[in-house]
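Enquirer: Chains as they are written, first to last, in our numbering: chain A, 49 to 332; chain B, 49 to 332.
Even for Gly, the Cβ is constructed at its ideal location relative to N, Cα and C.
The following block contains the structure:
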């Protein structure tokens with residue numbers, strides 16, 4: 049049976065380390081790291097996400113504000129709020145909860161966020177700095193995956209990592225980061241147009257599933273002993289299900305992360321790190 | 049014997065198309081696309097590069113200026129010039145010839161260029177926009193390689209492309225672009241830490257050599273029938289030599305680009321396209 053990579057446990061450990069760093073920051077500076085969360089409309093899932101992020105912030109000693117706007121908010125109104133938060137010296141991180149209502153151009157809003165407060169690392173400037181090996185912030189979910197590998201003692205250097213899915217939020221940045229120092233993996237990025245997918249995934253020492261298809265990765269697609277990180281969070285009749293067929297794959301893999309309790313808790317944790325980083329960048 | 053992918057011929061064809069587009073632009077606008085080249089110091093190779101870029105500009109009907117600064121130029125002096133060119137409405141593209149002298153922080157200077165005039169696509173914002181699938185400018189050498197594949201009838205969709213070398217200027221952006229629409233290749237990025245390199249390269253339908261090691265890619269590393277694009281330009285006692293052992297590899301490959309006469313002429317050509325793109329963005 050595979051080693052279970054518990055994101056939940058690793059996140060707990062990281063948050064306890066972070067709480068210490070936050071305490072030191074507060075001691076050395078006249079301010080408390082502060083995250084401003086912006087929530088537009090009434091999506092229940094978004095509501096839960098934002099509440100969890102704020103709770104997590106406060107649990108490590110940081111502050112958070114919620115800016116709740118009605119579903120019919122115009123783009124100009126939202127941009128006005130973003131401009132205000134950009135200028136507010138007490139705010140270190142700005143989180144725009146996605147999705148935004150259809151009348152709003154999400155790209156335009158995300159690009160209006162001051163890159164120095166862009167704790168989701170979605171701003172093109174921050175994406176470019178990451179690609180150039182000089183990141184200001186690391187994108188949260190990819191960073192969480194890398195921490196899970198690192199803290200589970202899984203070597204990446206010279207290993208063949210196969211990333212399934214080329215999304216802007218997970219697969220793409222993770223494929224880039226895995227192939228950079230200090231990770232230095234040989235990385236193959238697969239997607240919907242990849243031919244003979246199982247032939248590729250079976251070569252992976254490290255397999256990242258981030259395609260959003262429940263139980264897509266089956267045991268015959270996995271090399272015996274491989275580490276499998278499952279980024280999928282698919283809502284199904286069986287509840288929350290990952291992109292890998294956990295029961296079957298864990299018979300073959302050397303290590304695997306579960307869903308839930310895997311990548312999910314890591315994403316929020318890395319957002320907290322970025323908020324502290326933002327405060328450090330702006331205050332010190 | 050392999051089909052020869054002549055960058056020289058493809059570049060000639062592209063430049064003739066470009067000259068027509070430039071003529072149309074000039075007819076429809078009150079201005080001529082204009083590239084400002086900045087050259088600091090006396091490096092003879094840089095001198096040749098800049099001269100060739102300016103000549104190529106003028107050959108397609110665009111204008112170019114040369115700003116030549118002494119080797120002892122300070123960073124502030126260079127930043128002042130960049131700021132002036134950023135503001136000059138007659139200048140559409142700004143090219144900072146690298147390398148810059150050691151007293152100058154190249155990153156800082158490249159980031160000072162107005163992203164709308166950044167025809168080398170080196171600014172983090174432009175790198176980020178590229179990664180997010182909304183490029184303002186395509187980086188010149190990677191774009192040249194993609195045009196060589198396209199205009200040689202080499203299908204990329206679903207094919208396995210292996211990129212050797214993760215440089216910020218070639219390997220990294222090319223690996224990203226190859227895996228995006230419309231190219232949609234399955235891409236593996238290899239580098240100095242890759243284990244069993246030949247095992248990986250032998251799987252490539254398309255092999256890109258961009259590591260800067262003369263004749264590094266040998267025939268036994270290439271799958272019969274593969275397309276090999278050689279980005280290497282290594283100055284050796286034998287003259288300019290690519291990253292592939294051309295004579296031997298061309299016995300195995302289905303198609304191969306030579307050095308010289310391969311990627312080299314394409315890079316300049318794509319810079320010209322970006323200069324016209326910049327003029328379109330700023331004038332229309």
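For the region 221-235 of chain B, which residues have a CB atom closer than 7 Å to at least one CB atom of chain A, in sequence order?
Expert: If the cut-off is 7 Å between Cβ atoms, the region 221-235 of chain B has 227, 232, 234 and 235 near chain A.
Enquirer: Looking at C-alpha atoms only, which residue of 135/B, 180/B, 262/B and 118/B is the closest neighbour of residue 155/A?
Expert: As a first step, residue 155/A must be located in the first chain, where it is residue number 107. Measuring from the Cα of residue 155/A, the nearest candidate turns out to be 180/B.
Enquirer: For residue 284/A, which beta-bridge partners are listed by DSSP?
Expert: Within the first chain, numbered from 1, the residue matching residue 284/A stands at position 236. Partner(s): 287/A.
Enquirer: What residues in its chain sit with their C-beta under 7 Å from that of residue 135/A, if we drop five residues either side in the sequence?
Expert: Start at 1 with the first residue of the first chain, and residue 135/A comes out as number 87. Counting only Cβ-Cβ distances below 7 Å, and skipping sequence neighbours, we find nothing.
Enquirer: Closer than 8 Å by beta-carbon distance: list the chain A residues that pair up with residue 188/B, in chain order.
Expert: Looking up residue 188/B in the second chain gives position 140. Those within 8 Å of residue 188/B in chain A number zero; the least Cβ separation is about 16 Å.
Enquirer: If the cut-off is 7 Å on Cβ atoms, which residues from the region 202-214 of chain B count as contacting chain A, listed in chain order?
Expert: Answer set for the region 202-214 of chain B: 205, 206 and 214.
Enquirer: Scan the region 168-180 of chain A for residues whose Cβ lies nearer than 9 Å to a Cβ of chain D and list them as they occur along the chain.
Expert: You won't find chain D in this structure, because its protein chains are A and B.
Enquirer: Beta carbon of residue 273/A, beta carbon of residue 262/A: below 9 Å?
Expert: Locating residue 273/A in the first chain gives position 225, counting from the first residue. Locating residue 262/A in the first chain gives position 214, counting from the first residue. No, these two residues do not count as a Cβ contact at 9 Å.
Enquirer: Should residue 298/B be labelled buried (16 or more other beta-carbon atoms within 10 Å of its own) or exposed?
Expert: Your numbering for residue 298/B matches position 250 in the second chain. Buried: at least 16 other Cβ atoms inside 10 Å.
Enquirer: Under 7 Å between beta-carbons, which chain B residues line up against residue 241/A? List them in chain order, please.
Expert: In the first chain, the residue the question calls residue 241/A occupies position 193. Under the 7 Å cutoff, chain B gives 205, 206 and 232.
Enquirer: Quick one: complete beta strand (DSSP E) runs, 3+ long, within the region 246-284 of chain B?
Expert: Entirely contained in the region 246-284 of chain B, the beta strand (DSSP E) runs reaching 3 residues are, in chain order, 254-257, 275-278 and 282-284.
Enquirer: Which residues mark the beginning and the end of the beta strand (DSSP E) in which residue 111/A is found?
Expert: Translated into the one-based positions of the first chain, residue 111/A becomes position 63. Per DSSP, residue 111/A belongs to the beta strand (DSSP E) from 111-117.
Enquirer: Buried or exposed for residue 329/A, going by 16 or more other Cβ atoms inside 10 Å?
Expert: Within the first chain, the letter at position 281 stands for residue 329/A. With fewer than 16 other Cβ atoms within 10 Å, it is exposed.
Enquirer: Assuming residue 74/B is part of the alpha helix (DSSP H), what are its boundary residues?
Expert: Position 26 of the second chain, counted from the start, is the residue given in the question as residue 74/B. Where residue 74/B is concerned, the enclosing alpha helix (DSSP H) stretches over 55-76.
Enquirer: So, is the C-beta of residue 255/B closer than 9 Å to a C-beta in chain A?
Expert: In the second chain, counting from the first residue as 1, residue 255/B sits at position 207. No, its Cβ sits nowhere closer than 9 Å to a Cβ of chain A.
Enquirer: Can you pull the chain B neighbours of residue 248/A, defined as C-beta to C-beta under 7 Å?
Expert: What you label residue 248/A is simply residue 200 of the first chain in a count that begins at 1. Those within 7 Å of residue 248/A in chain B are 234.
Enquirer: Could you spell out where the alpha helix (DSSP H) holding residue 211/A opens and where it closes?
Expert: The residue labelled residue 211/A in the question sits at position 163 within the first chain. Counting along the chain, residue 211/A falls outside any alpha helix (DSSP H), though it belongs to the beta strand (DSSP E) covering 208-212.
Enquirer: When Cβ atoms are compared, which residues of the region 93-116 of chain A fall closer than 9 Å to chain B?
Expert: Here the close residues number zero.
Enquirer: Give the DSSP-derived three-state secondary structure of residue 312/A in the structure shown.
Expert: Reading the first chain from its first residue, position 264 is the one you call residue 312/A. Residue state, collapsed to three classes: helix.
Enquirer: Closest by CA to residue 182/B, which one among 192/B, 193/B, 189/B and 169/B?
Expert: Position 134 of the second chain holds residue 182/B. Residue 169/B is the option with its Cα nearest to residue 182/B.
Enquirer: Thinking C-beta only, is residue 276/A closer than 9 Å to residue 305/A?
Expert: Counted from its first residue, the first chain places residue 305/A at position 257. Counted from its first residue, the first chain places residue 276/A at position 228. In contact: residue 305/A and residue 276/A (Cβ atoms closer than 9 Å).
Enquirer: Using only CA atoms, which one of 91/A, 67/A, 87/A and 86/A lies nearest to residue 80/A?
Expert: Reading the first chain from its first residue, position 32 is the one you call residue 80/A. Among 91/A, 67/A, 87/A and 86/A, the Cα nearest to that of residue 80/A is on 67/A.
Enquirer: Please check the pair residue 316/B and residue 199/B, which I expect to be a contact at CB under 8 Å, by giving their CB distance rounded to whole angstroms.
Expert: Here the question's residue 316/B lines up with position 268 in the second chain. Here the question's residue 199/B lines up with position 151 in the second chain. With a Cβ gap of about 16 Å, residue 316/B and residue 199/B do not count as contacting.
Enquirer: In the structure shown, what three-state DSSP assignment does residue 195/B receive?
Expert: As a working note, residue 195/B is residue 147 in the second chain. DSSP places residue 195/B in helix when its eight states are reduced to three.
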